Amino acid sequence: MNNLPELVVRADAGPRIGSGHLLRGLALALAWKKLGGKAAVAGERTAAHDERLAALGIEGRPASADSPAPGGWLAVDGYDFDPAYLDAAKSRAKLLVVDDHGHRPRLSPDVVLNPNAGCEDFPYAPSDALVLAGPRWALLRPEFAAEPVRRARGKKPKVLVTLGGADADNVTEAVLTSLAPMKGEIDVVCVVGPDNPHGERLKTLASDLRRGVSDLRALMLDCDAAVVAGGVTSLECAAAALPAVVIAVADNQKRQAKGLAAAGAAVEASASDAADALRSVLATSRMGAAGRALVDGKGAERAAGVLAALSKAKLGEADALLRPAQAGDVWPVWRLANAPSVRAHSFSAEPIPSAVHAKWFAAQLSDAKTRFYVLEVSGAHAAQVRVDREAEVHFAVASAFRGKGLGTLALKLSRTRAAEELGCPKLKALVIEPNEASARAFLGAGYARAGSAKEKGRDCAVFEATC
Numbered sequence: 031m032n033n034l035p036e037l038v039v040r041a042d043a044g045p046r047i048g049s050g051h052l053l054r055g056l057a058l059a060l061a062w063k064k065l066g067g068k069a070a071v072a073g074e075r076t077a078a079h080d081e082r083l084a085a086l087g088i089e090g091r092p093a094s095a096d097s098p099a100p101g102g103w104l105a106v107d108g109y110d111f112d113p114a115y116l117d118a119a120k121s122r123a124k125l126l127v128v129d130d131h132g133h134r135p136r137l138s139p140d141v142v143l144n145p146n147a148g149c150e151d152f153p154y155a156p157s158d159a160l161v162l163a164g165p166r167w168a169l170l171r172p173e174f175a176a177e178p179v180r181r182a183r184g185k186k187p188k189v190l191v192t193l194g195g196a197d198a199d200n201v202t203e204a205v206l207t208s209l210a211p212m213k214g215e216i217d218v219v220c221v222v223g224p225d226n227p228h229g230e231r232l233k234t235l236a237s238d239l240r241r242g243v244s245d246l247r248a249l250m251l252d253c254d255a256a257v258v259a260g261g262v263t264s265l266e267c268a269a270a271a272l273p274a275v276v277i278a279v280a281d282n283q284k285r286q287a288k289g290l291a292a293a294g295a296a297v298e299a300s301a302s303d304a305a306d307a308l309r310s311v312l313a314t315s316r317m318g319a320a321g322r323a324l325v326d327g328k329g330a331e332r333a334a335g336v337l338a339a340l341s342k343a344k345l346g347e348a349d350a351l352l353r354p355a356q357a358g359d360v361w362p363v364w365r366l367a368n369a370p371s372v373r374a375h376s377f378s379a380e381p382i383p384s385a386v387h388a389k390w391f392a393a394q395l396s397d398a399k400t401r402f403y404v405l406e407v408s409g410a411h412a413a414q415v416r417v418d419r420e421a422e423v424h425f426a427v428a429s430a431f432r433g434k435g436l437g438t439l440a441l442k443l444s445r446t447r448a449a450e451e452l453g454c455p456k457l458k459a460l461v462i463e464p465n466e467a468s469a470r471a472f473l474g475a476g477y478a479r480a481g482s483a484k485e486k487g488r489d490c491a492v493f494e495a496t497c
């Protein structure tokens, strides 16, 4: 993809906050670079981090140099960026915010990316931001996209223990202490990050202690199980099909740990219970496959593709995929339906409660006389079209994708398909006036203006298409 604007990632790393934010931003920068765009990382870092950026061909900048060239993208990842900073950032660039647990009181970026398990139902509302939620958006380094080829398990399982780049609270020591009674049953490889200050003490507990491993995936493929924190590394384990005990070393990791456990990809535990949890993991045969099914390692590639699509003036059939809605679309459909700009052009402006929506959506999918379609762009929920049992058409386009022709495209692609599947000779739509954008979309998709009507006290334009 050519003519991409510049991407600048704003993320810090160091002994206080570890390396997770930086590593995620680096993964996105590498995916952007692969598409042909220029990428840089701005923030506070250590010399070791600068060396890593340089080795990967990514420019490192100070925190103050976080503005991309005009028309570019700024991707912000960290907990210390307040609403004032984000508002100022959006005034000078298109803005993506990586958010882990929906703790921000207000979000106004173009895109929100939450890569954690169990976050799919976060509303991020009221907001028109495009939300990319769930492990399929995990920002992992390119090597994690490759199918994992694991070695055959030996008689004595090899277990990876790593609790983050900094581990300021030294949870690693508590885990190693818990695993000490298993010394004759397992071989432990303990990995600490470059910012971990407890290395000397940990040497007395771990016979194989490694600092700053450059290829953690290769080590994961050589191990039979892992004990890790509930951050980026837990998603890396899933992508590497490595069964894991996940420990939430911070409050914002609790949902991730529970989400991975619910998906059958890990066991959630405390540091003191690590040994019992590890025995459970080693006795399970399907956990690695469940992890890989949840995290395919292509999240950074997808996210870069979304930003590239949003950088285009127009999008066409080569950029999008129309498919039937599925049960997993329940929350993207809900967020789009609840977006303020969508509610403003609906017969009811009231937000839709999640429980009400979930019940309604399930009924739509099971109704043989209804067709529901999703238009995807690089895996993102860009638009949706529903044709109900009266052959009435309803559609919405995510705010970030508006003005790029996707409304017309979604209506055009769904028109013939819905008519054939439902056996409808004619489709119709009501557009609350004034809504020129929707009117243009219907006209562009081959619908004709067929008069006016009054619906629920609102003046509407009527559009029809003969199929």
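Numbering (our numbering) for the sequence shown: 31 to 497.
For every residue, glycine included, the Cβ atom is placed at its ideal position computed from N, Cα and C.
Model, not experiment: these values are computed from the prediction.
- For Trp-103, the uninterrupted beta strand (DSSP E) run begins and ends at 103-107, by DSSP.
- Within the model, the alpha-carbon separation for Ala-147 versus Lys-484 is close to 45 angstroms.
- Looking at Leu-239, Ala-305, Gly-214 and Ala-334, the one whose alpha-carbon comes closest to that of Leu-37 is Ala-334.
- Counting of Cβ neighbours within 10 angstroms places Leu-351 among the exposed residues, the total staying below 16.
- Within the same chain, Asn-368 come within 6 angstroms of Pro-381 by CB-CB distance, once the 5 residues on both sides are set aside.
- Of all alpha-carbon atoms in Ile-277, Ala-430, Ala-357 and Val-127, the one lying nearest the alpha-carbon of Asp-197 is that of Ile-277.
- In the three-state scheme derived from DSSP, where H, G and I count as helix and E and B as strand, Gly-148 is classed as coil.
- Cys-149 and Gly-164 have their C-alpha atoms some 6 angstroms from each other.
- Here Gly-327 has Leu-170, Phe-174, Ala-175 and Ala-269 as same chain residues with Cβ atoms under 6 angstroms from its own Cβ, once five neighbours each way along the sequence are excluded.
- The way I'd put it, the segment 280-287 doesn't touch the segment 307-317; fewer than three beta-carbon pairs between them come closer than 8 angstroms.
- Distance from the Cα of Gly-318 is smallest, within the candidate group Ala-305, Ser-300, Ala-339 and Ala-291, for Ala-291.
- When DSSP assignments are scanned along the segment 411-469, the uninterrupted stretches of alpha helix (DSSP H) that are 4 or more residues long and fall wholly within it turn out to be 436-452.
- Comparing alpha carbon positions, the residue from Asp-217, Arg-82 and Ala-210 closest to Lys-185 is Asp-217.
- Just measuring C-alpha positions, the residue of Ala-475, Leu-60, Pro-464 and Ala-61 sitting nearest Lys-458 is Ala-475.
- In this structure, the CA atom of Leu-126 is about 46 angstroms from the CA atom of Glu-215.
- Here Tyr-403 is bridged, per DSSP, to Pro-354 and Val-415.
- By the Cβ-count criterion, Gln-414 is buried, with 16 or more other Cβ atoms from all chains shown falling within 10 Å of its own Cβ.
- Distances from the alpha-carbon of Thr-446 to those of Ala-410, Thr-496, Arg-488 and Ala-388 put Thr-496 closest.
- Taking a 10 Å sphere around the C-beta of Pro-145, we find 16 or more other C-beta atoms and assign the residue as buried.
- Leu-337 is positioned such that its CB atom lies closer than 7 angstroms to that of Trp-103.
- Nearest to Leu-340 by C-alpha distance, out of Pro-156, Val-407, Thr-192 and Asp-117, is Val-407.
- Burial is judged here by how many other beta carbons sit within 10 angstroms of a residue's own beta carbon; Val-219 has at least 16 and is buried.
- Rounded to whole angstroms, the gap between the alpha carbons of Ala-296 and Glu-422 is 45 angstroms.
- Going by beta carbons, Ala-70 and Trp-62 fall outside the 7 angstroms limit.
- When C-beta atoms of the segment 91-107 are compared with those of the segment 240-257, fewer than three pairs fall below 8 angstroms, so the two segments do not count as touching.
- For the 7 angstroms CB-CB criterion, Leu-58 and Ala-330 form a contact.
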